[in-house]
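Trainee: All residue numbers for the sequence shown refer to our numbering, where the first residue is 328 and numbers rise by one.
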Amino acid sequence: MTTRVLVVEDEPALARALAVTLRAHRYEATVSHTGAGGLDAMATWHPDLVVLDLGLPDLDGLEVLRALRAWSAVPVVVLSARQTSDEKVEALDAGADDYVTKPFGMDELLARIRAAVRRHAPGDASPVVRTAAFTVDLAARRVRTTAGEDVRLTPTEWHMLEILARNAGKVVGRRELLQELRGPYLDRETHYLRVYVAQLRRKLEPDPAHPRHLITEAGMGYRLEP
328 MTTRVLVVED EPALARALAV TLRAHRYEAT VSHTGAGGLD AMATWHPDLV
378 VLDLGLPDLD GLEVLRALRA WSAVPVVVLS ARQTSDEKVE ALDAGADDYV
428 TKPFGMDELL ARIRAAVRRH APGDASPVVR TAAFTVDLAA RRVRTTAGED
478 VRLTPTEWHM LEILARNAGK VVGRRELLQE LRGPYLDRET HYLRVYVAQL
528 RRKLEPDPAH PRHLITEAGM GYRLEP
């Protein structure tokens with residue numbers, strides 16, 4: 328599956344150049360020009376990596392980074408014209424995976440993106456979870472029925488299934504799921520979870536009205552039962 332990169336950069340020409348370069352190197356890229364828009368995209372588009380400018384018009388990039396780190400471990404490569412050692416340390420301490428100062432070469436940035444993606448790539452801890460009805464391959468980010476047919480999921484559906492699959496057999500709390508799926512500010516809107524689970528059951532359960540694998544634990548959360 329193509330690596331998804333979110334670029335949060337307010338300078339239009341640079342944002343456009345970054346997106347074009349990323350797509351030319353077979354990344355899937357989308358752009359946000361504000362910190363608030365970037366946080367919204369992180370919560371809804373679920374990128375595999377974020378390229379984050381610190382000099383944004385509405386929020387300081389460090390605020391965006393700290394807000395993201397409250398609920399996500401997605402790798403972040405910071406772009407900034409700030410070049411002092413203290414500022415770099417502050418960004419790294421706030422949760423950045425790498426720090427690139429402006430101006431920079433595209434080849435260097437691409438190399439740092441590849442390195443960040445490799446560091447976060449799933450290894451042996453990313454199993455294939457098998458049920459009687461479907462198989463979830465976490466490393467390949469693919470779902471197949473037992474008949475061998477690929478199941479098309481939306482990014483949010485996949486993200487929810489991934490969380491449940493990584494905790495197969497265990498209950499995942501509603502608040503934890505909501506923070507992962509909707510961001511840190513929408514962790515009480517539990518009706519979203521019912522919608523997402525219903526969508527997954529329609530696609531994956533042989534009898535969605537009587538689910539065998541995507542189980543609701545009343546008052547607690549949800550569980551994927553292999």
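Note that the Cβ used here is the ideal one computed from N, Cα and C, for glycine as well.
Please report the straight-line C-alpha distance between T543 and R550, rounded to a whole angstrom.
Mentor: The alpha-carbon atoms of T543 and R550 are separated by roughly 7 Å.
Trainee: So the candidates are H373, G422, V478, G496; which of them puts its Cα closest to the Cα of V405?
Mentor: G422
Trainee: What separation, rounded to the nearest whole angstrom, lies between the Cα atoms of A351 and D387?
Mentor: Going by C-alpha positions, A351 is about 29 Å away from D387.
Trainee: Spatial neighbours of H373 within its chain, please: CB distance less than 6 Å, with the 5 preceding and 5 following residues excluded, ordered by chain position.
Mentor: The answer, listed in chain order, is P482, H486.
Trainee: Thinking C-alpha only, which one of R469, G548, A368 is nearest E503?
Mentor: G548
Trainee: Check for me: the alpha helix (DSSP H) holding T348 runs from which residue to which?
Mentor: 339-351
Trainee: Buried or exposed, going by whether 16 or more other CB atoms sit within 10 Å of the CB of H540?
Mentor: buried
Trainee: In three-state terms, what does DSSP make of G496?
Mentor: coil
Trainee: Out of curiosity, what's the CA-to-CA distance linking Q526 and L480?
Mentor: Answer to the nearest angstrom: the Cα atoms are 9 Å apart.
Trainee: Measuring straight from C-alpha to C-alpha, what distance separates L491 and P535?
Mentor: The alpha-carbon of L491 is positioned some 17 Å away from that of P535.
Trainee: Take V378 as the anchor and find which of A443, V334, G496, K530 has the nearest alpha-carbon.
Mentor: V378 has its Cα closest to that of V334, out of A443, V334, G496, K530.
Trainee: Between the Cα of E507 and those of V478, M369, R353, T458, spot the shortest distance and give me the residue it belongs to.
Mentor: Distance from the Cα of E507 is smallest, within the candidate group V478, M369, R353, T458, for M369.
Trainee: Can you tell me whether E476 is buried or exposed, with buried defined as 16 or more other CB within 10 angstroms of its CB?
Mentor: exposed
Trainee: Where do the ends of the alpha helix (DSSP H) carrying R409 lie?
Mentor: Per DSSP, R409 belongs to no alpha helix (DSSP H) and is neither H nor E.
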